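Here is the structure we will look at, set down as structure tokens.
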Amino acid sequence: MPARMALGLIPALVIVAVWILLTRGKAESRIISPLILPSPGEVLHSFHSLWFDAELSRSMIASALRVIGGFVIALMVAFPLGVFMGTFSNIKAIFSPLATFGAYLPIPTLVPLTMSLFGIGEFQKIMFLALAFFVYLLPLFVKAIDSVDNVYLQTAYTLGAGRWQILRRVLLGISLPQIFHAMRLGFGIGWTYIILAEMVAADRGLGTIIIVAQRRGPREHIYLVLVAIVIIAFITDRIWVWLGRMFFPYLEQK
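Here it is in structure tokens:
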């Protein structure tokens, strides 16, 4: 494990070394202008203003609540629909065009769509994330149900199980770990959409800080917020891993 961690640090150290090389010296003598790429020291020095002036902690909470709200709404729709599509061929035939359309839909196009439907308030940001989550989760849920081996279904039918028993005990019982894994991946994807969600009329949020820093400065805040997003996404992913071990301990024994 220590050797793997050391190997994993190599790319990060190389990036930091190149960063230092490109931004060393006075502003006028640098390879890349500090207006485009500040030095690591300048980025770290701006943390104080990011935390107190830009209210980083409150923005992190605001963004997290939007991601969670959008995820819950998407899950309430995508989970039952995905399960029924994977179980009943007629339902799958009805909604497959919708899933195909969503798979090829560029997520940024949902921003003006949700603005026209829901305005530019808080609800629009949550619904944008909900739609983005829905587009990602639905095909994964359908795939999880479809991947259940037909042997289990035939065995259940032989033992006299009804259709709803097969849905609840066999299809969901077997595919639930894969569905949970899809939820974990989807929640992480949501943090990549938060900047798009907070592009317009957001009082605070991580995306708002980035947009303000891009327009007015300081540019150092952009890099710090990107690091903050990665750290938050990593922490939440570890929480998902912990929940997975708690709900499906038998998977750790394989």
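Residues in the sequence shown are numbered from 2 upward in steps of one, following the numbering used here. No residue lacks a Cβ here, since even glycine has one placed at the ideal position from N, Cα and C. It should be emphasised that the depicted structure is a prediction, and the values quoted were computed from it without experimental measurement.
Task: Reference A63, options I223, V228, I33 and A203, closest by Cα - done: If you number the sequence shown from 1, residue 63 lands on position 62. Closest by alpha carbon: A203.
- [ ] Kindly indicate which residue of T237, L66, G245 and I240 has the alpha-carbon position closest to the one of Q179.
- [x] As a working mapping, residue 179 is identified with position 178 in the sequence shown. Out of T237, L66, G245 and I240, G245 has the C-alpha closest to the C-alpha of Q179.
Task: Runs of alpha helix (DSSP H) lying entirely within the segment 170-219, each at least 4 residues, in chain order - done: Whole alpha helix (DSSP H) segments, 4+ residues: 173-191, 195-198 and 207-217.
Open item on the list: Going by C-alpha to C-alpha distance, which of D150, A65, I16 and F142 sits closest to I312?
Closed with: This structure cannot speak to residue 312, because the chain is shown only from 2 to 255.
Task: Contact between the segment 102-117 and the segment 159-170 (3+ Cβ pairs under 8 Å) - done: Contact annotation: the segment 102-117 does not touch the segment 159-170, with fewer than three C-beta pairs closer than 8 Å.
Open item on the list: Please tell me whether R217 and I37 are closer than 9 Å, where the distance is taken between their beta carbons.
Closed with: In the sequence shown, the residue the question calls residue 217 occupies position 216. In the sequence shown, the residue the question calls residue 37 occupies position 36. At a Cβ-Cβ threshold of 9 Å, R217 and I37 do not count as neighbours.
- [ ] Name the residue from V242, F96, R31 and L8 whose alpha carbon lies nearest to the alpha carbon of G189.
- [x] The residue given as residue 189 occupies position 188 in the sequence shown. Nearest C-alpha to G189: V242.
Open item on the list: Assess contact between the segment 73-87 and the segment 132-142, defined as three or more Cβ pairs (one per stretch) separated by less than 8 Å. Is contact present?
Closed with: The segment 73-87 is in contact with the segment 132-142.
- [ ] Locate the alpha helix (DSSP H) running through T159, then write down its first and last residues.
- [x] If you number the sequence shown from 1, residue 159 lands on position 158. Annotation: the continuous alpha helix (DSSP H) that includes T159 extends over N151 to T159.
Open item on the list: For G122, count the other beta carbons within 10 Å of its own beta carbon; 16 or more makes it buried, fewer makes it exposed. Which is it?
Closed with: As a working note, residue 122 is residue 121 in the sequence shown. Exposed, by the Cβ-count rule.
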